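First comes the structure, then the notes that go with it.
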Amino acid sequence: MQVITTISEMQQWSQQQRRMGKTIGVVPTMGYLHDGHCSLIERAAAECDAVVTTIFVNPLQFGQGEDFERYPRDMERDTTIARAAGSSVVFAPTTAEMYPSGFATTIDVGPIAERFEGAFRPGHFRGVATVVAKLFNLTQPHVAYFGQKDYQQCLVISQMVRDLNMDITLRILPTVREQDGLAMSSRNVYLSAEQRRTASLLYRALQAGIDAIARGERRRQHINKRMQEILDQIPDARIDYAAAATAERLEEPDEFPPGASVVLLLAVRIGSTRLIDNMLTTVPYD
Ligand code: AMP
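For this note's numbering, add 13 to where a residue sits in the sequence shown, where the first one is 1.
As structure tokens, then:
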């Protein structure tokens, strides 16, 4: 496995692979890799001839006062994990390489980026879309792999790929969880032992929402309340949102009709750690 840090080398490698008729899969990450990331890399390795795992903590997607500086980083560990999972290349550029002075262009995908995460982290998805577009240009993938864990991010990237006619297939893979249901995340290392224990209530809250819908609840506020009740049991928690929305466009009708695809979305701060999670379901017919 090769580690590439410069744009020129990355572009050369991608062009060469394409010339040889190889299919390229890309897995964009911010590093500090865990089994969730590995599931994406492994799938890419199974489906593509060559796999680029990108590792870049993207300053453009962090707001003021967020955790950009303290975001966990461990390049040596990451390269070992990326190699074992089947990467051909780790692309790990510096911030200066990605955003040289004078950098000015950003990508705004419209309303889908303004709700939920977008409302609590203004500019976040502009940063995400911009860096992913750059990473796509540099790695020239046939297929790009993302986790359902970041559900709204998947919608944002899909919108961008569709609107800008990027010739890339997106694969969204299921969320990998710890034994108690907590979604794996690089940010979980911030949690104290006690916080880590109560963090599994996020999963329990999502399940409560799913159960309510399965039992016939269609009223959005009632579904949200089921989730809220569980989250209220977490000491030291601040709930940014616990919301049911339409899976395709994240709209919030008073009631979801039978057959509707619904996503349950959570963003909760436990102490200074902000966790997100989600689950998808379909509203049953009577
Ligand atoms: P991150 O490094 O957190 O930006 O994540 C990089 C990619 O891995 C994104 O597409 C995430 O959605 C995905 N990912 C993160 N956590 C998980 C998880 N627990 N299960 C599956 N995919 C994940």
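C-beta: ideal position from N, C-alpha, C; glycine also. Just so we're clear, the structure is a prediction, and the values are computed from it rather than from any experiment.
- Judged by DSSP secondary structure, residue 233 falls within the alpha helix (DSSP H) whose first and last residues are 233–244.
- Judged by their CB atoms, residue 205 and residue 85 are not nearer to each other than the 8 angstroms cut-off.
- With fewer than 16 other Cβ atoms inside 10 Å of its own Cβ, residue 274 counts as exposed.
- Excluding the 5 residues flanking it on each side, residue 18 has same chain C-beta neighbours closer than 8 angstroms at 104, 105, 106, 107 and 110, in chain order.
- Judged by DSSP in its simplified three-state form, residue 90 adopts helix.
- Residue 92 sits close to residue 16, with the two beta carbons spaced by under 8 angstroms.
- In the displayed model, residue 189 falls within coil according to three-state DSSP, outside both helix and strand.
- For residue 133, the enclosing alpha helix (DSSP H) begins and ends at 130–133.
- DSSP assignment within the segment 86–171 yields the following whole alpha helix (DSSP H) runs of 4 residues or more, N-terminal first: 88–98, 108–111, 130–133 and 137–152.
- Here the C-alpha atom of residue 251 lies approximately 15 angstroms from the C-alpha atom of residue 238.
- Residue burial annotation: residue 119 is exposed, with fewer than 16 other C-beta atoms found within 10 angstroms of its C-beta.
- Annotation: the continuous alpha helix (DSSP H) that includes residue 225 extends over 214–227.
- In this structure, 137 is the residue among 196, 59 and 137 with its C-alpha nearest to the C-alpha of residue 123.
- Between residue 257 and residue 283 a beta carbon distance of about 22 angstroms is seen, past the 8 angstroms cut, so the two are scored as non-contacting.
- Inclusion of residue 196 in the 7 angstroms shell around the ligand AMP follows from its C-beta lying nearer than that to a non-hydrogen atom of the ligand.
- Contact check for residue 219 against residue 240 passes: the beta carbons are separated by less than 8 angstroms.
- Taken through DSSP and simplified to helix, strand or coil, residue 70 comes out as coil.
- Per DSSP, residue 38 is one residue of the beta strand (DSSP E) stretching across 37–42.
- Contact between the segment 207–225 and the segment 162–181 is absent: fewer than three C-beta pairs spanning the two stretches fall below 8 angstroms.
- In the DSSP assignment, residue 48 falls within the unbroken alpha helix (DSSP H) covering 48–60.
- Residue 23 and residue 152 have their C-alpha atoms spaced approximately 7 angstroms apart.
- Counting along the chain, no alpha helix (DSSP H) covers residue 285, and no H or E run does either.
- In this structure, 164 is the residue among 164, 231 and 214 with its C-alpha nearest to the C-alpha of residue 261.
- Sequence-distant Cβ neighbours of residue 27 in its own chain, meaning closer than 6 angstroms and more than five residues away, are 152 and 153.
- With respect to residue 63, residue 37 sits close: the two C-beta atoms are nearer than 8 angstroms.
- Taking 8 angstroms as the cut-off, the Cβ atoms of residue 67 and residue 148 count as close.
- Going by C-alpha positions, residue 81 is about 38 angstroms away from residue 268.
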